[in-house]
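Line by line, the protein sequences give chains A and B.
Counting from 29, one number per residue, gives the positions in the first sequence under the numbering used here.
Counting from -3, one number per residue, gives the positions in the second sequence under the numbering used here.
Virtual Cβ for every residue (Gly too), placed ideally from N, Cα, C.
Values in this document were obtained by computation on a predicted structure and should not be read as measured data.
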Amino acid sequence: MAVLLGLIVSGLLLLFLGENPLTAMAMLFSSLFRDGYTFADIFVKATPLMFTALAFALAFQANLFNIGAQGQFYIGSIVAVSASLLLQDKLPGGLVLIIVAAATILAGGVWGGLIGWLKARFNANEFLVSMMSTYVALNIMNYLLRTWLLESKGEYPQTNPLDKTVWLPIIFPGTRLHSGFILALLTCIGVWILLYKLPLGFRIRAAGQGKDATAMAGINYKTLYIIAFFISGALAALGGFVEVNGAQHMLVQGFNPDVGAAGIGIAILANGNPIGIIFASILFGALKVGGTIMGQLAGIPSSITELMLGSVMVFVILGYFVREKLEENREKAKLKEAVSV
Amino acid sequence: MIGLLSRTILMGTPLLYGSLSEVYAERSGVMNTAIEGIFLMGAWAGFVAAYQTGGNLVIGLLAAMGAGVLTAVLYGWITIYLKQQQIVTGVAINILALGICSFFQRVIFGVPLTPLIVEPLQPIAIPILSNVPVIGSILFNQNILTYLLFVLVPVASFVLYKTSLGLSIRSIGENPEAGDVAGLRVDRLRFLTILFAGVMCGIGGAFYSIGYLGMFTTTIIGGRGWIAFAICFLGNWKPYGVLIGTLIFGLAEALAISMQSSGQSIFPNELFIALPYILTIVLTVARRSFNVPAELGIPYRKEG
Chain A
29 MAVLLGLIVS GLLLLFLGEN PLTAMAMLFS SLFRDGYTFA DIFVKATPLM FTALAFALAF
89 QANLFNIGAQ GQFYIGSIVA VSASLLLQDK LPGGLVLIIV AAATILAGGV WGGLIGWLKA
149 RFNANEFLVS MMSTYVALNI MNYLLRTWLL ESKGEYPQTN PLDKTVWLPI IFPGTRLHSG
209 FILALLTCIG VWILLYKLPL GFRIRAAGQG KDATAMAGIN YKTLYIIAFF ISGALAALGG
269 FVEVNGAQHM LVQGFNPDVG AAGIGIAILA NGNPIGIIFA SILFGALKVG GTIMGQLAGI
329 PSSITELMLG SVMVFVILGY FVREKLEENR EKAKLKEAVS V
Chain B
-3 MIGLLSRTIL MGTPLLYGSL SEVYAERSGV MNTAIEGIFL MGAWAGFVAA YQTGGNLVIG
57 LLAAMGAGVL TAVLYGWITI YLKQQQIVTG VAINILALGI CSFFQRVIFG VPLTPLIVEP
117 LQPIAIPILS NVPVIGSILF NQNILTYLLF VLVPVASFVL YKTSLGLSIR SIGENPEAGD
177 VAGLRVDRLR FLTILFAGVM CGIGGAFYSI GYLGMFTTTI IGGRGWIAFA ICFLGNWKPY
237 GVLIGTLIFG LAEALAISMQ SSGQSIFPNE LFIALPYILT IVLTVARRSF NVPAELGIPY
297 RKEG
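Dropping the structure here:
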C-alpha cells in the first residue's frame, strides 16, 4: 500500500517533465520483464541491500542505531578488493573467496565493533559515531584509490579488474545474477534464526526492550553492544564483498553511494524482520533497475529512484501510524462491547 | 593566521544556524534528525531561486527558509503529531530531500554545458570596527548572515533562560506531563521549535550554496547537517556551548581548506577532509558530563 502511494507520488512528479506518468510506469514494469538479463538484475541489485538492511535491523533489535552501514560496506569492499588482488594469482579461486569473505567479516566486524565499544566503554552516542564513521571510511577509500589501489593505467580512481577466478560464480548463464544472492538469502535466514531461535538473539532483543530488565536477567549489556555492532558491521561489510566479487569485479570511486540509506529504508519497510527484508530488498532492487531503465529510455533522470525510495519510506512510516490507530480503535471497540455487556 | 581565523568564523556560521535551532528543538524534547535534509533543501531552493531571479540573494534566502519550513512541517507532523520514530523518520526525509533536489535540479536545468553560478554573498566591512587590528578583519569583515548571529546567539540564550517561552520549552523537554497539566500545549510548542529549525537550517543550507560557493551540487552539504546535530550534543544543549562547538569545527574546516590549497603537505588531502568527522567522533567520546533533556526523542502521548 505504502509502496503504491510512493509510486503514485513519484509518478505525479513526472508530470513536471511533461512525461505521461502512466506510460512511464507501464514502461517501467514492462521493461523489468523484457528479458531475463534485466529481470535477473533486480536480484543483483537486491543482494547488497539485503546485507545493509540486515545490518541496520540487527542493531535496531537491540535498540541501537547503526546508521554507518554505508561506511562498513565500503570497508568491506576495500578489504575484499585488496585481498582478492593480493591472493588471486597465488591460490585457487575458491579458497581465495573463502579467505576474502572471512577477511571482510573480520574487518567490518572490527570497524563496527569499535562503535559498539565506544558506546559500551564511554557511553558515546552510537548514532553520531556510526554516522561520522561513514565519512571516515569514504575518505579512506578515496585515499587508497588514489594511491595503493590505483589501477595500473593510472587514469581513473579505480582498481584493476579482478581475475575471473575470484568472481562469485554466476547462477544463470547470460545474466549477472551471481551466487552472492544465495549467500544473501542464507544470511537473512541465518540472522532470523540468530534473532528468534538462539539465546544470543534473545539477549539482543531483550536489550532492545530496556537495559534495566536485561541487567537484572544477568546479561551484560555492554558486551552485548559490542557483539551486536560487530555482527552488524560484519553484515554490511559482507555486502561490500558480494558487490565487489559478484557484480563490480573491481572497486570504483563512489560506487553504490545509497546502499546504506536504502538499507535503512528496507529494514523499516520490513519492520526489522530478516525474512521481510528479503522481499523488501527485491522490491527496492526492482525500483532501482526500473529507475535506471526509465533514465535510459525516456530521458527521465535516474534520480527518480531516490525520489521513489524516499517517498516510499515516508509512506511506510505513515502506514505505521495508520496501523497503530486501527489497533487502538479495535481495542476501544472491544472495551465498549465489554462495558455494554 | 588572520585569514585562517576569519575563515573559521565563515565556516562556523552555517553550523551555528543549524546547532542553535537544534538546541531549541532538543530542549523541547524533539530531535531534529531531518537536519541534513533541511540543509540540503535550503541549499538547493536558495540556489534555484537566486539563479532564476538573476542572482537575487534575498529571494534566494527567503526561498531557502520556505523550503526548510516545508521540510520541517513534514518532519514535525510525522514525529510530533503522529508520534513516529524520530531517527527513522529523519533518515527517510533526508533521502526524500536528496531525491527532490537531484530530480528537480535536472528537471529545471537539464544537463548544463557550463557550470551554473550565482554571485555569492559578499563580505561587508563594518566601518571603524573593521579597522581595529587583527580582530577587525576576523570579526567585522564577514557577510550579513554571520553578523546576524552576533545578535542571534545572545538573544537565543536570553529567550531560553530568561523568558517564560524558554522556560516552557525547557520544561516540556524534561517533563511534558507536568507541562501539560500546567496548561502548556506540548505538541504545538514542540512543533514550533521544529518550524524554527526549518527556518534556521534552511538559512544554514543556503549559506553553502549562495552564501559562499555560489553553486549547487547534491553533495554540497556532505554531512554538515549531522555535524551541526553533533555540535548540539557537544555544546551540552546550551546556546553558548554550541557557539564554542561551531568555532572548533569551523577551525577544523578552515584548516582543511588551507591545507588542501597549500598542496605541500606530508599528509594526504583526504585526512583533512575527514578531519571534522574524526573530530566529531573524538569529541563525542571524550565529552562525558552530558545534560541530556530527559524526554529527548520520546513522543508525548496523553493518558486516556
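Give the range of the alpha helix (DSSP H) segment to which residue i is assigned.
{"i": "B:VAL103", "result": "82 to 105"}
{"i": "B:SER24", "result": "Run containing B:SER24: none; DSSP gives neither H nor E here."}
{"i": "A:ARG62", "result": "Unbroken run through A:ARG62: none, as it is neither H nor E."}
{"i": "B:ILE113", "result": "Here B:ILE113 belongs to no alpha helix (DSSP H), and DSSP marks it neither H nor E."}
{"i": "B:ARG319", "result": "Since the first residue shown for chain B is -3 and the last is 300, residue 319 of chain B is missing from the structure and cannot be characterised."}
{"i": "A:PHE93", "result": "Looking at the DSSP string, A:PHE93 is not in any alpha helix (DSSP H), and its letter there is neither H nor E."}
{"i": "A:ASN357", "result": "332 to 368"}
{"i": "B:THR67", "result": "53 to 72"}
{"i": "B:THR215", "result": "Note, B:THR215: premise wrong, no alpha helix (DSSP H); not H, not E."}
{"i": "B:TRP40", "result": "31 to 48"}
{"i": "B:TYR273", "result": "265 to 282"}
{"i": "B:PRO235", "result": "235 to 258"}
{"i": "B:LEU161", "result": "160 to 170"}
{"i": "B:LEU292", "result": "Careful: B:LEU292 lies outside any alpha helix (DSSP H) and carries neither H nor E."}
For residue i, which residues does DSSP report across the bridge?
{"i": "B:GLN118", "result": "DSSP output for B:GLN118 lists no bridge partner at all."}
{"i": "A:VAL280", "result": "A:GLN186"}
{"i": "A:ASN151", "result": "DSSP lists no partner for A:ASN151."}
{"i": "B:GLN138", "result": "B:ILE120"}
Counting only C-beta atoms, is residue i closer than 7 Å to chain A at any point?
{"i": "B:ALA250", "result": "no"}
{"i": "B:PRO295", "result": "no"}
{"i": "B:LEU92", "result": "yes"}
{"i": "B:VAL26", "result": "no"}
{"i": "B:GLY300", "result": "Note that B:GLY300 has pLDDT 49, beneath the 50 cutoff, so the model's placement of it is unreliable and no number is given."}
{"i": "B:SER219", "result": "A small correction: the amino acid at residue 219 of chain B is Gly; Ser does not occupy that position in the sequence shown. Taking Cβ atoms only, chain A reaches closer than 7 Å to B:GLY219, which makes this a yes."}
{"i": "B:GLN256", "result": "no"}
{"i": "B:THR276", "result": "yes"}
{"i": "B:GLU22", "result": "no"}
{"i": "B:ALA270", "result": "yes"}
{"i": "B:ALA30", "result": "no"}
{"i": "B:VAL84", "result": "yes"}
{"i": "B:TRP222", "result": "yes"}
{"i": "B:TYR273", "result": "yes"}
{"i": "B:GLY238", "result": "What sits at residue 238 of chain B in the sequence shown is Val, not Gly. Chain A, which has no Cβ nearer than 7 Å to the Cβ of B:VAL238, makes this no."}
{"i": "B:ARG102", "result": "yes"}
{"i": "B:THR75", "result": "no"}
{"i": "B:GLU266", "result": "yes"}
{"i": "B:ALA68", "result": "no"}
{"i": "B:SER17", "result": "no"}
{"i": "B:LEU6", "result": "no"}
{"i": "B:VAL44", "result": "no"}
Counting only beta-carbon separations shorter than 7 Å, does residue i have a partner in chain B?
{"i": "A:TYR224", "result": "no"}
{"i": "A:PHE258", "result": "no"}
{"i": "A:LEU178", "result": "no"}
{"i": "A:PHE347", "result": "A small correction: the amino acid at residue 347 of chain A is Gly; Phe does not occupy that position in the sequence shown. No, A:GLY347 lies away from the interface with chain B (no Cβ there is under 7 Å from its Cβ)."}
{"i": "A:SER331", "result": "yes"}
{"i": "A:TYR253", "result": "no"}
{"i": "A:ASN357", "result": "no"}
{"i": "A:PHE150", "result": "yes"}
{"i": "A:ASN167", "result": "yes"}
{"i": "A:TYR184", "result": "no"}
{"i": "A:ALA289", "result": "yes"}
{"i": "A:GLY338", "result": "yes"}
{"i": "A:PHE71", "result": "no"}
{"i": "A:ASN170", "result": "yes"}
{"i": "A:LEU173", "result": "no"}
Mind checking whether the beta-carbon of residue i lies closer than 6 Å to any heavy atom of the ligand FMN?
{"i": "B:VAL44", "result": "As far as ligands go, the structure on display features none, and thus does not contain the ligand FMN."}
Going along chain E in order, which residues have a C-beta closer than 7 Å to the C-beta of residue i?
{"i": "B:VAL65", "result": "Given the protein chain composition of this structure (A and B), no chain E is represented."}
Run through the stretch 186 to 255 of chain A for me and flag every whole alpha helix (DSSP H) of 4 or more residues, listed as ranges in chain order.
208 to 225, 227 to 237 and 239 to 244
Exercise for review: Return the residues of the stretch 180 to 203 of chain B that lie within a Cβ-Cβ distance of less than 7 Å from chain A, sorted by chain order.
Suggested key: none
### Query
What residues in the stretch 133 to 157 of chain A bring their beta carbon closer than 8 Å to a beta carbon of chain B?
If the cut-off is 8 Å between Cβ atoms, the stretch 133 to 157 of chain A has LEU146, PHE150, ASN151, ALA152, ASN153, PHE155, LEU156 and VAL157 near chain B.
**OP:** Closer than 9 Å, Cβ to Cβ, to anything on chain B: give me those residues from the stretch 90 to 111 of chain A, in chain order.
**Re:** PHE93 and ILE95
Going along the chain, which residues of the stretch 292 to 323 of chain A sit with their C-beta nearer than 8 Å to a C-beta in chain B?
Only ILE292, GLY293 and ILE296 from the stretch 292 to 323 of chain A bring a Cβ to less than 8 Å from some Cβ of chain B.
Scan the stretch 267 to 279 of chain A for residues whose Cβ lies nearer than 9 Å to a Cβ of chain B and list them as they occur along the chain. Within the stretch 267 to 279 of chain A, no residue has a Cβ that lies closer than 9 Å to any Cβ of chain B.
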